[in-house]
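For the sequence shown, our numbering begins at 20 and goes up steadily by one. The C-beta atom is built at its ideal place from N, Cα and C for all residues, glycine as well.
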Amino acid sequence: MTHHRSAWRNRWTFMLATAGSAIGLGNIWKLPYMIGVNGGSAFVLVFIASIFFVGIPLMMTEILLGRRAQKNPLDGIESLALEAKASRHWRYLGGMGMLTGLLILSFYSVIGGWVLSFISTAANGNFVGISGEQSTENFNQLLASPFTLLFWHTVFMVMTMGVVARGVNSGLEKANNILIPALFAILLILLGYSMSVGDMQSAYQFMFSPDFSKITPVAVLSALGHAFFSLSLGMGAVMVYGSYLQRDVSIARASIYIALADTMLGLVIGLAIYALVFANQLTPNAGPGLIFQTLPIAFGQMPGGTLIATLFFILVAFAAWTSAISLVEPTIAWVVENTDISRKTATTTLGLIIWVLGISVVLSFNEWQNVKIVFGLNIFETLDKLTSTILLPLGGLLIAIFAGYFMKQDHVQEELNLPHRSFKIWMCMNNIIAPIGIGAVFLYLLNIIQ
Ligand code: TRP
Numbered sequence: 020m021t022h023h024r025s026a027w028r029n030r031w032t033f034m035l036a037t038a039g040s041a042i043g044l045g046n047i048w049k050l051p052y053m054i055g056v057n058g059g060s061a062f063v064l065v066f067i068a069s070i071f072f073v074g075i076p077l078m079m080t081e082i083l084l085g086r087r088a089q090k091n092p093l094d095g096i097e098s099l100a101l102e103a104k105a106s107r108h109w110r111y112l113g114g115m116g117m118l119t120g121l122l123i124l125s126f127y128s129v130i131g132g133w134v135l136s137f138i139s140t141a142a143n144g145n146f147v148g149i150s151g152e153q154s155t156e157n158f159n160q161l162l163a164s165p166f167t168l169l170f171w172h173t174v175f176m177v178m179t180m181g182v183v184a185r186g187v188n189s190g191l192e193k194a195n196n197i198l199i200p201a202l203f204a205i206l207l208i209l210l211g212y213s214m215s216v217g218d219m220q221s222a223y224q225f226m227f228s229p230d231f232s233k234i235t236p237v238a239v240l241s242a243l244g245h246a247f248f249s250l251s252l253g254m255g256a257v258m259v260y261g262s263y264l265q266r267d268v269s270i271a272r273a274s275i276y277i278a279l280a281d282t283m284l285g286l287v288i289g290l291a292i293y294a295l296v297f298a299n300q301l302t303p304n305a306g307p308g309l310i311f312q313t314l315p316i317a318f319g320q321m322p323g324g325t326l327i328a329t330l331f332f333i334l335v336a337f338a339a340w341t342s343a344i345s346l347v348e349p350t351i352a353w354v355v356e357n358t359d360i361s362r363k364t365a366t367t368t369l370g371l372i373i374w375v376l377g378i379s380v381v382l383s384f385n386e387w388q389n390v391k392i393v394f395g396l397n398i399f400e401t402l403d404k405l406t407s408t409i410l411l412p413l414g415g416l417l418i419a420i421f422a423g424y425f426m427k428q429d430h431v432q433e434e435l436n437l438p439h440r441s442f443k444i445w446m447c448m449n450n451i452i453a454p455i456g457i458g459a460v461f462l463y464l465l466n467i468i469q
């Protein structure tokens with residue numbers, strides 16, 4: 020069966036879409052609280068190292084696999100495996116990625132819902148003059164209302180699946196072109212404000228003065244996992260975006276730009292938030308509620324805060340939206356390329372499945388708070404840890420091994436098209452540093468569990 024395959028209109032739209040996938044709740048919601056939970060600078064250091072030594076090379080690998088295969092991840096990996104005379108079972112790697120994407124979206128959408136609900140809270144002027152305690156109380160009230168959470172989770176799912184149903188060109192491209200640049204602009208305003216009223220020095224110290232004594236195995240694992248999460252790696256999202264990419268784009272350059280933009284954005288918002296945390300005597304290790312508790316305080320004190328806060332949460336919602344899309348695109352591409360099911364039907368069905376799973380995540384913040392799945396983790400925490408610290412790095416490890424040891428070097432080089440020296444550097448990172456790094460972290464993890 021041959022299907023017409025879409026393609027990005029030009030390299031700029033690819034860059035923006037991939038950056039749009041990478042930049043999302045991972046940068047704005049997750050990175051800041053993970054830094055706090057994992058002891059600050061040690062985590063930041065390992066995170067940055069993971070981005071450079073594992074993230075960037077693996078982003079190149081995913082894009083090259085996608086562009087060479089010109090298919091969804093499952094069939095794509097299969098045809099690359101056949102081309103390389105390797106086992107076709109490699110295709111299950113694509114399948115694992117799809118599953119990972121669905122699991123992530125089930126909680127991503129609930130958090131996206133928090134953001135949506137904060138848009139209306141902000142717009143109603145509810146942050147004006149708010150104290151730290153009131154802000155925490157407001158957030159806890161939101162968590163305690165399953166129906167409110169469910170409502171916004173539903174809205175977020177409908178928004179996401181709506182774009183996916185429309186396909187690559189009319190849906191995905193348009194959303195990214197304006198929103199990502201606008202997000203950068205508003206973050207700069209927030210940073211400027213934080214610098215003037217916050218405790219930037221403590222924030223800087225907390226995030227960047229290296230304290231190696233604080234590096235624990237769990238922090239290392241979380242930092243590595245978050246590098247994957249933040250760059251959207253390890254499940255085929257970047258691969259499927261790469262499969263819509265034209266041949267004349269430099270994969271290395273695109274990967275470096277996207278990774279830098281993503282990392283900078285995360286660190287900048289981290290600084291802005293911790294400057295506020297320290298200035299308002301809040302605790303850095305508040306967990307997933309961190310930005311929802313701290314930012315309203317800042318917005319509430321700023322001149323024009325209601326407007327800026329509303330804009331901010333709108334842009335965060337957009338960032339989350341453009342990321343969420345990429346979590347389901349691999350599966351939808353697979354269904355559409357293999358069956359006669361229409362894109363719309365496929366999207367609706369998949370959306371329903373994820374929505375139902377998301378209900379259990381909603382409940383894990385209130386009614387089912389004490390329902391523990393494994394290691395004392397509730398449903399949300401289980402899904403989060405399972406995907407970020409296990410499935411994504413595992414996917415990344417297998418992708419690196421596949422490209423590095425099973426594909427022909429010539430074929431890889433045809434896609435990367437790098438000068439000899441740079442190609443060797445990529446190979447060293449992809450074939451040796453990334454697998455050993457991920458493997459070592461996994462071995463550590465096994466040790467802890469036992
Ligand atoms: N990178 C996104 C963020 O930081 C989340 C995301 C989108 C993602 N697609 C992904 C994470 C694929 C892992 C894999 O918010």
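{"query": "Beta-carbon proximity check, W48 vs L290, cutoff 9 angstroms", "result": "no"}
{"query": "Buried versus exposed call for Q265 [16 or more other C-beta atoms within 10 Å across all chains shown]", "result": "exposed"}
{"query": "Among I351, D267, A338, the one whose alpha carbon lies nearest that of G478", "result": "Outside the displayed span of the chain (20 to 469) sits residue 478, for which this structure offers no information."}
{"query": "Where the alpha helix (DSSP H) containing S379 begins and where it ends", "result": "362 to 382"}
{"query": "Nearest candidate by alpha-carbon position, reference L50, set L250, P165, S379", "result": "L250"}
{"query": "C-beta contact flag for I149 and P315 at 9 angstroms", "result": "yes"}
{"query": "Check: G253 C-beta below 8 angstroms from any heavy atom of the ligand TRP", "result": "yes"}
{"query": "Residues bridged to V393 (per DSSP)", "result": "L396"}
{"query": "Y263 in three-state terms, based on DSSP", "result": "coil"}
{"query": "Rounded C-alpha distance that separates N449 from S342", "result": "25 angstroms"}
{"query": "Beta-carbon spacing of E81, G244 below 9 angstroms", "result": "no"}
{"query": "V296 vs G114 beta-carbon contact at 9 angstroms", "result": "no"}
{"query": "Burial state of V177 (16 or more Cβ within 10 Å)", "result": "exposed"}
{"query": "Cβ contact check for the region 384 to 391 and the region 161 to 176: 3 or more pairs under 8 angstroms", "result": "yes"}
{"query": "G458 to N389 span [Cα, whole Å]", "result": "33 angstroms"}
{"query": "R86 versus I451, P438, N466, Q432, residue with shortest Cα-Cα distance", "result": "Q432"}
{"query": "Burial state of G423 (16 or more Cβ within 10 Å)", "result": "buried"}
{"query": "Close Cβ partners of F425 (< 6 angstroms) along its chain, the five nearest in sequence each way excluded", "result": "A103, A105"}
{"query": "Status (buried if at least 16 other CB within 10 Å, exposed otherwise) for L207", "result": "exposed"}
{"query": "Y127 beta carbon near the ligand TRP (any heavy atom closer than 8 angstroms)", "result": "yes"}
{"query": "F337 versus F175: straight-line alpha-carbon distance, rounded", "result": "10 angstroms"}
{"query": "C-alpha gap between R110 and A280, whole angstroms", "result": "31 angstroms"}
{"query": "Test: W374 CB closer than 9 angstroms to a CB of chain D", "result": "Among the chains of the structure shown, chain D does not appear; only one protein chain is present."}
{"query": "Sequence ranges, beta strand (DSSP E) only - wholly within the region 139 to 182, length at least 3", "result": "none"}
{"query": "Backbone CA spacing between F33 and A41 [nearest angstrom]", "result": "12 angstroms"}
{"query": "Helix, strand or coil at P200 according to DSSP, with G and I counted as helix", "result": "helix"}
{"query": "Three-state secondary structure (DSSP) of V73", "result": "helix"}
{"query": "Run of the alpha helix (DSSP H) containing A220, from where it starts to where it stops", "result": "With the sequence shown as reference, residue 220 is identified as Gln, and Ala is not the correct amino acid for it. Note, Q220: alpha helix (DSSP H), 219 to 227."}
{"query": "Contact check, S379 vs S125, beta carbons under 9 angstroms", "result": "yes"}
{"query": "Cβ neighbour criterion (16 or more within 10 Å) applied to T21", "result": "In this predicted model, T21 has a pLDDT of only 43, less than 50, meaning its place in the structure is not dependable enough to derive any value."}
{"query": "Whole-angstrom distance between L198 and S416, CA atom to CA atom", "result": "Residue identity check: residue 416 is Leu in the sequence provided, not Ser. Their backbone Cα atoms lie some 32 angstroms apart in a straight line."}
{"query": "Extent of the continuous alpha helix (DSSP H) to which Q312 belongs", "result": "309 to 320"}
{"query": "I67 beta carbon near the ligand TRP (any heavy atom closer than 8 angstroms)", "result": "no"}
{"query": "Beta-carbon gap between I333 and S213 smaller than 9 angstroms", "result": "no"}
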